[in-house]
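Data block below; observations after.
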Amino acid sequence: MKILVCVKQVPDTESPITIDADTTWIIEHEYIAFRMNLYDEYALEEAVLIREAIGNVSVDAISVGPSRVSATLKKSLEKGADNAIHIILEKNAYCPPIVVADLIAEYARHRNYDLIFTGVMAEDDMQCQVGPLIAARLRLPCAASIIKETLNKEGAAITAECELEGGITETVILPIPSLLTIQSGINRPRYPSLSNVMRAKEQELIWIQADSDILSQPAERVVSISYPEQTSKGTIIDGSPDQKAEQLLAILHEKSLL
Amino acid sequence: MKTILVIIDTITNKPQVSGFELISFAEKLAENDYAQIKVIISGENTREAAEKAALYGHDVIGLEHDDFRYPNPELVANEITGLIDEFHPVYVCLQHTMRGCQTAARVSVTAGFGCITAVESCRLTDKMPALKKSMFNGKINVDLQPDAMQSIVTVLPGAFTVPDIISSQRIPGTIQVRKTTGISAYKPLGIRESAEENVRLEESDVIVSAGRGIGTRENLELVRSVARLFPDSAVGASRTICDLKWLPFAHQVGVTGKTVSPKLYLACGISGAQQHIAGMKGSQMIVAINKDPQAAIFSISDYIIVEDLTTFLPLLIRKYDEMNK
Numbered sequence: 356m357k358i359l360v361c362v363k364q365v366p367d368t369e370s371p372i373t374i375d376a377d378t379t380w381i382i383e384h385e386y387i388a389f390r391m392n393l394y395d396e397y398a399l400e401e402a403v404l405i406r407e408a409i410g411n412v413s414v415d416a417i418s419v420g421p422s423r424v425s426a427t428l429k430k431s432l433e434k435g436a437d438n439a440i441h442i443i444l445e446k447n448a449y450c451p452p453i454v455v456a457d458l459i460a461e462y463a464r465h466r467n468y469d470l471i472f473t474g475v476m477a478e479d480d481m482q483c484q485v486g487p488l489i490a491a492r493l494r495l496p497c498a499a500s501i502i503k504e505t506l507n508k509e510g511a512a513i514t515a516e517c518e519l520e521g522g523i524t525e526t527v528i529l530p531i532p533s534l535l536t537i538q539s540g541i542n543r544p545r546y547p548s549l550s551n552v553m554r555a556k557e558q559e560l561i562w563i564q565a566d567s568d569i570l571s572q573p574a575e576r577v578v579s580i581s582y583p584e585q586t587s588k589g590t591i592i593d594g595s596p597d598q599k600a601e602q603l604l605a606i607l608h609e610k611s612l613l
Numbered sequence: 100m101k102t103i104l105v106i107i108d109t110i111t112n113k114p115q116v117s118g119f120e121l122i123s124f125a126e127k128l129a130e131n132d133y134a135q136i137k138v139i140i141s142g143e144n145t146r147e148a149a150e151k152a153a154l155y156g157h158d159v160i161g162l163e164h165d166d167f168r169y170p171n172p173e174l175v176a177n178e179i180t181g182l183i184d185e186f187h188p189v190y191v192c193l194q195h196t197m198r199g200c201q202t203a204a205r206v207s208v209t210a211g212f213g214c215i216t217a218v219e220s221c222r223l224t225d226k227m228p229a230l231k232k233s234m235f236n237g238k239i240n241v242d243l244q245p246d247a248m249q250s251i252v253t254v255l256p257g258a259f260t261v262p263d264i265i266s267s268q269r270i271p272g273t274i275q276v277r278k279t280t281g282i283s284a285y286k287p288l289g290i291r292e293s294a295e296e297n298v299r300l301e302e303s304d305v306i307v308s309a310g311r312g313i314g315t316r317e318n319l320e321l322v323r324s325v326a327r328l329f330p331d332s333a334v335g336a337s338r339t340i341c342d343l344k345w346l347p348f349a350h351q352v353g354v355t356g357k358t359v360s361p362k363l364y365l366a367c368g369i370s371g372a373q374q375h376i377a378g379m380k381g382s383q384m385i386v387a388i389n390k391d392p393q394a395a396i397f398s399i400s401d402y403i404i405v406e407d408l409t410t411f412l413p414l415l416i417r418k419y420d421e422m423n424k
């Protein structure tokens, strides 16, 4: 069985973000710490768990982006991926999800993956698109926001639980091959093992240049980028803890909440 | 005349009320172009949901299929592709839920439309609307424009309000129910609600919510105790708390949980990740307690308390008891 896991490298949520002088995009300065998208960690772990459960499974990690993305692909190897593919796209600008999806779909198209996993969304843009777009391009069935999956015995179908919202889940059965987008909480991503860290150090990534036709397709564009209005309506409640507690209770009482 | 499609799905024939927020969004888009809006509702039996939707003043088409008893994003996508051929809409609007995004993506590819997601507001220009979304955990706003005259759009729940049908007098729209015969490889077998007692997040006046900053599972008891001070309250949670299995997902507030707008949202130890803020920023009053003075939640809070929850919450409860002796 072959599983492809799509991973994205995102800025850490604590990193400061600055708009560039032309106000076209953000500056990639050295204060941004990059790491693997949280939801993709769960996706990768789920693939590795399948390999551990049934054996004879290869797990490929793939990512689209500039050279810094190779660090996240190395991390994928450390976390148990067998191979890592880097589709190199050096542009520092808004990248439409359809472009990322088409690049990955082009790679996956004739490689007969049984399952493709993506995280349910990327933390930096919350678009929730790349997974379902890849599925549509490759004409694969897709289920989103999976919190549990079970392969049936022959490996011809997969039963998945999709999270709808607020504690409601839907059970769905999909044929294989198919694509699942993975939600957090499905498993506990492991720390890299020493042997995988050593292997990742030596192992080469597979590098592919992004297809220029795919890059130049029409897609939505950024017309402006700005910082949110500082609403700063926030009042800091000051003083000793006792005083803060008293002030809060007074405010709540005044608003007829308490 | 131009057409805008609004897509609302149902769970066992009941629409999520927040789905009707899309109508407000579509009406905003329609302002420039005098477009007509068609509301599309999918379900096993759509008559009741369609009648409710028609009250908002636009024509409704109910799509019926056995496989629509439970949400079926792939089948909805197939049906929308047919409706696009029929109506040639300029915009197709869906909610930015995980399944709404899945449907949007599939339609985007099959119909050849672009897709803009998680829209929070729109600005009409003489050419095309500029659709605003947040990126990088709310640190920047981006205005996007479609590359063509048509686009799929997903709208963040809570960004628009359900139209007020009482004060704005609207003539109910017509209803057309259609039985559809589509097939999709996605087969919903059933749904399961959590066995949790009724959490009532959306109806509560006050939500006291726990985030990673509460530290330990045991400290949830402090959050529950604070919630009990209020006559009509519920305990909420960030996704992290639910992923840790400290509280069931029925308590989750956020873009993949519930969107709430209570009179008071008391955020305890919540850092303010974009996915969480999206679910509660419409709250009437937001009080945040966090020991990190730079927590992102403070930027949307009405009142800011920089304190350690484990000492402050018991103090708050003690003070309340003293004041009420």
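Taken in sequence, the protein lines are chains S and W. Start counting the first sequence at 356; every next residue gets the next number (this note's numbering). Start counting the second sequence at 100; every next residue gets the next number (this note's numbering). A virtual CB, placed ideally from N, CA and C, is assigned to each residue, including glycine.
Sort P262/W, I264/W and H195/W by Cα distance to E520/S and report the nearest one.
-> H195/W
Cut-off 7 Å between Cβ atoms - residues of its own chain near S303/W, not counting five sequence neighbours on either side | D331, S332, A333 and P361
Proximity below 7 Å, CB of Y394/S to CB of G474/S | yes
Nearest-angstrom Cα separation, counted from S567/S out to R543/S | 38 Å
So what does DSSP say about L613/S, is it helix, strand or coil?
-> coil
Going by alpha carbons, who is nearest to T536/S out of S398/W, P392/W and C200/W?
-> C200/W
Pick from A477/S, A491/S and E445/S that is closest to R464/S, judged by C-alpha positions | A491/S
Could you name the residues that DSSP lists as bridge partners for H649/S?
-> Here chain S comprises residues numbered 356 to 613, so residue 649/S is not present and cannot be evaluated.
Thinking C-alpha only, which one of N423/W, D391/W and V405/W is nearest E369/S?
-> D391/W
Return the first residue and the last residue of the beta strand (DSSP E) that I122/W is part of.
-> Here I122/W belongs to no beta strand (DSSP E); instead the alpha helix (DSSP H) covers E120 to D132.
Could you run through the stretch 375-405 of chain S and flag, in chain order, every residue whose CB is less than 8 Å away from some CB of chain W?
-> I381
Can you pull the chain S residues whose beta carbon is under 7 Å from the beta carbon of Y419/W, in chain order?
-> L604
At 8 Å on the CB atoms, spell out the chain B contacts of C341/W, in chain order.
-> Included in the structure are the protein chains S and W, with no chain B among them.
Thinking C-beta only, is G289/W closer than 7 Å to T427/S?
-> no
Within 7 Å, strictly: CB atoms of Y397/S and S539/S | yes
What is the C-beta distance between I403/W and S308/W, in whole angstroms, given that I count them as a contact (C-beta under 8 Å)?
-> With 8 Å as the limit, I403/W and S308/W do not qualify as a contact, their Cβ atoms being about 15 Å apart.
Min CB distance S293/W to chain S below 7 Å = yes
Would you grab the beta carbon distance between L243/W and V578/S for me? Rounded to a whole angstrom, and I think it's under 8 Å.
-> 7 Å
Taking 8 Å as the threshold, find out whether the stretch 469-486 of chain S comes into contact with the stretch 262-271 of chain W through three or more Cβ pairs.
-> no
Which of the three DSSP states, helix, strand or coil, is assigned to Q135/W?
-> strand
Looking at the structure shown, is S360/W part of a helix, part of a strand, or coil, going by DSSP?
-> coil
Is it buried or exposed for A477/S, if we count other Cβ within 10 angstroms and need 16 for buried?
-> buried
Pick from F397/W, G335/W and E130/W: whose alpha carbon is nearest that of G522/S?
-> G335/W
Within 7 Å (strictly less), CB to CB, does C221/W reach chain S?
-> no
Express the C-alpha separation of G371/W and Q64/W in angstroms, rounding to a whole number.
-> Outside the shown range of chain W (100 to 424) lies residue 64/W, about which nothing can therefore be said.
Could you spell out where the alpha helix (DSSP H) holding I501/S opens and where it closes?
-> No alpha helix (DSSP H) contains I501/S, which is instead part of the beta strand (DSSP E) from C497 to L506.
Do you know how far the Cα of Y582/S is from the Cα of R311/W?
-> 27 Å
Starting from E433/S, follow the beta strand (DSSP E) in both directions and report where the run begins and ends.
-> Premise fails: E433/S lies in the alpha helix (DSSP H), V424 to E433, not in any beta strand (DSSP E).
Look at the Cβ atom of A377/W, then the Cβ atom of L255/W, and state whether they are nearer than 7 Å.
-> yes
Going by C-alpha distance, which of K231/W, D225/W, E219/W and K101/W is nearest I183/W?
-> K101/W
Taking C-alpha atoms, which residue in E130/W, V386/W, I388/W and V354/W lies nearest to H375/W?
-> V354/W
Which residue from R576/S, K446/S, I453/S and A512/S puts its Cα closest to that of A247/W?
-> R576/S
Take S123/W and list the residues in its own chain whose beta-carbon comes closer than 8 Å to its own, dropping the five residues that flank it on each side.
-> F259, T260, V261 and P262
Compare the C-beta of T216/W against all C-beta atoms of chain S and say whether one is closer than 7 Å.
-> yes
For W380/S, which option in D415/S, A416/S and A448/S has the closest C-alpha, if you only look at C-alpha atoms?
-> A448/S
Between the Cα of G213/W and the Cα atoms of K231/W, G381/W, P170/W and P245/W, which residue gives the shortest distance?
-> P245/W
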